[in-house]
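Numbering (our numbering), first residue to last: 249 to 453.
All C-beta atoms, glycine included, are put in the ideal place defined by N, C-alpha and C.
Structure, as C-alpha cells:
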C-alpha cells in the first residue's frame, strides 16, 4: 500500500500543517508520534478524528483514512507554571517578556515574582460609554512556545466572540491570526503581536 497524504489541523488552536504523508500500513499511532515530536507534547494525550469518526491509535492508516483527509487533532495543553518540562520554554518566554517590559510595556509584571518565564499579567482598562471597565490580562507560555501561541486569559471574561465566557481564554482560531503568528513566532519578540491584538481587537490598554 502506498503513501497517503493528509492535512493535520489543530482543532483548538486553529493552525494547520502542510500536507503530511504516511504509509498505509502504518498505524494511527505514527501520526500521534509525529505530532508529539514536532510540538514537544511527549506524555500528553492527543485525540485524532476525521469529520466522520474518532481515530484509535491501533487503527491502520490505509484502512481508516482516505487520501487528502483532514485530520483534526487536539490535546490538553499545559500552560505557565504547571509545565512539567519548563526550562527551554521558560527561558524563551522570559526573554520575550523582558523585551516588552524594558522596551515597550513597562506595566506588565511577572505572574510569579522573579520568574517572567512562568507568565506575565497586566491591569488593563476598557472604556465603554465614558466609563472605564477594569480587567486583568494574563499571558502564559504554552508547552510548544514559540511554535505554539501562548495562552491569553482576560479576567473577568470579556464579552467578545473570541473569549470563552467561563475561563476568559482567548480562542486563536482565525486564519489571519495563524498566518500572522507563523510570521512572527521566531522573531526577536513575537509577544508584540499579542499586545497589539489586545489593543486593536479588544480595546484593552
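Counting the other CB atoms within 10 Å of its CB gives residue 258 a total of 16 or more, which places it among the buried residues.
Going by beta carbons, residue 453 and residue 400 fall outside the 8 Å limit. In this model, residue 369 and residue 357 are separated by some 5 Å (Cα to Cα). Beta bridge pairing from DSSP links residue 256 with 319. Ranked by Cα distance from residue 286, the first of 255, 319, 395 and 313 is 395. Here residue 268 carries a strand assignment [DSSP, helix/strand/coil].
A direct Cα-Cα distance of roughly 22 Å separates residue 269 from residue 430.
Close CB contacts of residue 418 within its chain, under the 6 Å cut and outside five residues either way in sequence, are with 400, 410 and 411 (chain order). Where residue 448 is concerned, the enclosing alpha helix (DSSP H) starts and stops at 439-448. By DSSP's assignment, residue 375 forms a beta bridge with 380. Residue state for residue 350 is assigned as helix, using DSSP reduced to three classes. Annotated as distal: residue 276 and residue 256, with beta-carbon spacing of 8 Å or more. Distance between residue 263 and residue 377, taken at the CA atoms: about 36 Å.
Look at residue 416 here: in three-state DSSP terms it is coil, with no helix or strand label. Shortest Cα-Cα distance from residue 316 to any of 371, 405 and 266 involves 266.
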